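All remarks here apply to the structure that follows.
Chains as they are written, first to last, in the working numbering: chain A, 13 to 307; chain B, 4 to 277.
As structure tokens, this is what we get:
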């Protein structure tokens, strides 16, 4: 790349000082078109096709597919699982962020890596570990069976797998934010006579509320949309252990494309709402949110 | 402990460690323990069987290729989003996150019908003699889809924070734009680019939902490693499922370690964490 001169500052219209820190007009246009075309084809088209396919047989068929008993059961199960998994990870995320961000201790970086671990594990493996732990072949299996406790192929297994994959979302959103804010505000509250709990509720929580909302939002989107991990532990029992993504798979494999895309459109709508709120939060409270990489 | 004036350390740390152990560490340890129930010969036999090796080769090879595409396209997208001003820039910035937000199964069936032989993109490609859906190319396409935000979101904040004075200095010292971009700007993005590449690569290796609908899932041809785990599990062949999972997990952890090394190196060398 030593001899190329095509982007030299020789453009007749552009003053030299300007062209030295940006590209030629043609280059700028070309790069922008390539970037936007790629985003449109690879990311927007899949989203568009979900809604188009969902309505191929008309609005009536769309709502019929969504009110069909198995679809309703899948929607209810998905809501139930998220309603259990998200609050649990919310409490964990707050506790982890308080411990990691407000105190100094050895092995902090290692602990943060452990918290992020589920992002590096294939969803299939996230489900597999619970099959190995609670399945009939496991050490716990016979004991669970003898006591009539069903974890696999039932709601508890689905909840556990969902908690596993959504584990880091709230914590990783809050930790950098709370580290940045330091401890001065809380110390002031304590010195004015507030209890630790009061300082947390009245000072810490309001300081991180937008970051917290952001984390919960991402956590919820993943909890409702998780497929691989849940698929391994659910057993795919129609009307009983099928979440919405699993229902999408079953309908699709039965060549009921309109039905599959109808259920999928609800999940796509959830994704759109999540993105919309995320964009609004970033736009309005950009400084109150850390620029961390989501997953 | 420097900041010891705040209360609640033992409570929150206890809660964190308990929850982490119960949900993540004990189940993962169980997977490794299960592997030790196999003799080494059994383990080696499963891992080096032709079908497993093919699945691993397909997963790793295509993930690597897709991550390369993500690296190049991600850089172009970041450049356009950060450096240029055009109508709808904020909208396109938000669009980058679609693969994060869209459930993988939904992405899977959408890509599958898009690239099917009669699909919007599949039909014109078929006329050119390119078959995407139900071939390894389909896996490749799904992995590109899932990986693009990792590169963009890792590189974007670094490019935004890049001091414009460096570029002005390079230009005022007589470097043309080409030299400034490739000799001055891109080198300082290297840690972020590497991290983004590694994250996209790692995600593609483990990806299941968005791949299996478009893959065709033909053994030896278009069967990814996570799918082979599921197949073994459905055959109640726990030993094989565990052995393949252990190999994948070991490689994932190695990648995580590499990402951490890149970030530590980057903090020392460039003053940001990649």
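Think of the CB as a built atom: it goes at the ideal place given N, C-alpha and C, for glycine as much as any other residue. Treat the numbers as computed from the prediction; the structure is a model and nothing was measured.
Same chain, Cβ closer than 6 Å to residue i, five either side skipped, listed in chain order
i	result
residue 156 of chain B	none
residue 247 of chain A	165, 253
residue 202 of chain A	211
residue 80 of chain B	155
Distance between beta carbons of residue j and residue i, contact taken as under 8 Å
i	j	result
residue 276 of chain A	residue 62 of chain A	5 Å
residue 151 of chain B	residue 48 of chain B	So it is not a contact: roughly 38 Å between Cβ atoms.
residue 153 of chain B	residue 203 of chain B	4 Å
residue 51 of chain A	residue 95 of chain B	6 Å
residue 217 of chain B	residue 141 of chain B	4 Å
residue 107 of chain B	residue 213 of chain B	4 Å
residue 209 of chain B	residue 133 of chain A	7 Å
residue 233 of chain A	residue 104 of chain B	6 Å
residue 82 of chain B	residue 43 of chain A	6 Å
residue 199 of chain A	residue 8 of chain B	6 Å
residue 239 of chain A	residue 211 of chain B	7 Å
residue 33 of chain A	residue 160 of chain B	Contact flag wrong, Cβ pair sits at about 20 Å.
residue 232 of chain B	residue 136 of chain A	5 Å
residue 180 of chain B	residue 35 of chain A	6 Å
residue 223 of chain B	residue 54 of chain B	7 Å
Proximity test, Cβ basis, 7 Å: residue i and chain A
i	result
residue 89 of chain B	yes
residue 279 of chain B	In the structure as shown, chain B starts at 4 and stops at 277, and residue 279 of chain B therefore has no counterpart that could be examined.
residue 100 of chain B	yes
residue 158 of chain B	no
residue 24 of chain B	no
residue 194 of chain B	no
residue 234 of chain B	no
residue 121 of chain B	no
residue 265 of chain B	no
residue 180 of chain B	yes
residue 255 of chain B	yes
residue 63 of chain B	no
Contacting residues, own chain, Cβ-Cβ under 8 Å from residue i (five flanking each side not counted)
i	result
residue 15 of chain B	none
residue 13 of chain A	With a pLDDT of 37 at residue 13 of chain A, under the threshold of 50, the modelled position of this residue cannot be trusted; read the value that follows with caution. Hits under 8 Å: none found.
residue 278 of chain A	78, 87, 256
residue 164 of chain B	275
residue 38 of chain B	46, 245, 246, 249
residue 118 of chain B	124, 125, 128, 135, 136, 141, 144, 217
Neighbourhood of residue i by C-beta, 7 Å cutoff - its chain only, sequence neighbours within 5 removed
i	result
residue 263 of chain B	none
residue 144 of chain A	150
residue 269 of chain A	65
residue 68 of chain B	143
residue 35 of chain B	249
residue 273 of chain A	62, 65, 66
residue 69 of chain A	270
residue 102 of chain A	182, 228
C-beta neighbour in chain B for residue i, strict 7 Å
i	result
residue 198 of chain A	yes
residue 137 of chain A	yes
residue 226 of chain A	no
residue 88 of chain A	no
residue 255 of chain A	no
residue 110 of chain A	yes
residue 35 of chain A	yes
residue 148 of chain A	no
residue 293 of chain A	no
residue 75 of chain A	no
residue 120 of chain A	no
residue 240 of chain A	yes
Beta-carbon spacing of residue i, residue j below 7 Å
i	j	result
residue 158 of chain B	residue 195 of chain B	yes
residue 271 of chain A	residue 77 of chain A	yes
residue 145 of chain B	residue 114 of chain B	yes
residue 228 of chain B	residue 66 of chain B	no
residue 215 of chain A	residue 186 of chain A	no
residue 83 of chain A	residue 174 of chain A	no
residue 183 of chain B	residue 172 of chain B	no
residue 147 of chain A	residue 139 of chain A	no
residue 205 of chain A	residue 10 of chain B	no
residue 241 of chain A	residue 177 of chain A	yes
residue 58 of chain A	residue 70 of chain B	no
residue 260 of chain A	residue 142 of chain A	no
residue 236 of chain B	residue 215 of chain B	no
residue 258 of chain B	residue 205 of chain B	yes
Any chance the segment 100 to 111 of chain B sits against the segment 282 to 300 of chain A, with 3 or more Cβ pairs inside 8 Å? yes
Inter-stretch contact at 8 Å, needing at least 3 Cβ pairs: the segment 220 to 232 of chain A / the segment 180 to 189 of chain A: yes
If contact is defined by three or more beta carbon pairs under 8 Å, each pair taking one atom from either stretch, is the segment 186 to 202 of chain A in contact with the segment 108 to 116 of chain A? yes
Mind the definition here: the segment 256 to 273 of chain B touches the segment 239 to 246 of chain B only if three or more C-beta pairs lie below 8 Å; say whether that holds. The segment 256 to 273 of chain B is not in contact with the segment 239 to 246 of chain B.
Cβ pair count under 8 Å reaching 3, the segment 13 to 30 of chain B against the segment 102 to 109 of chain A: yes
Pair every Cβ in the segment 184 to 198 of chain B with every Cβ in the segment 48 to 62 of chain B, then say whether three or more of these pairs are closer than 8 Å. With a cut-off of 8 Å, the segment 48 to 62 of chain B and the segment 184 to 198 of chain B do not count as touching, because too few Cβ pairs lie within range.
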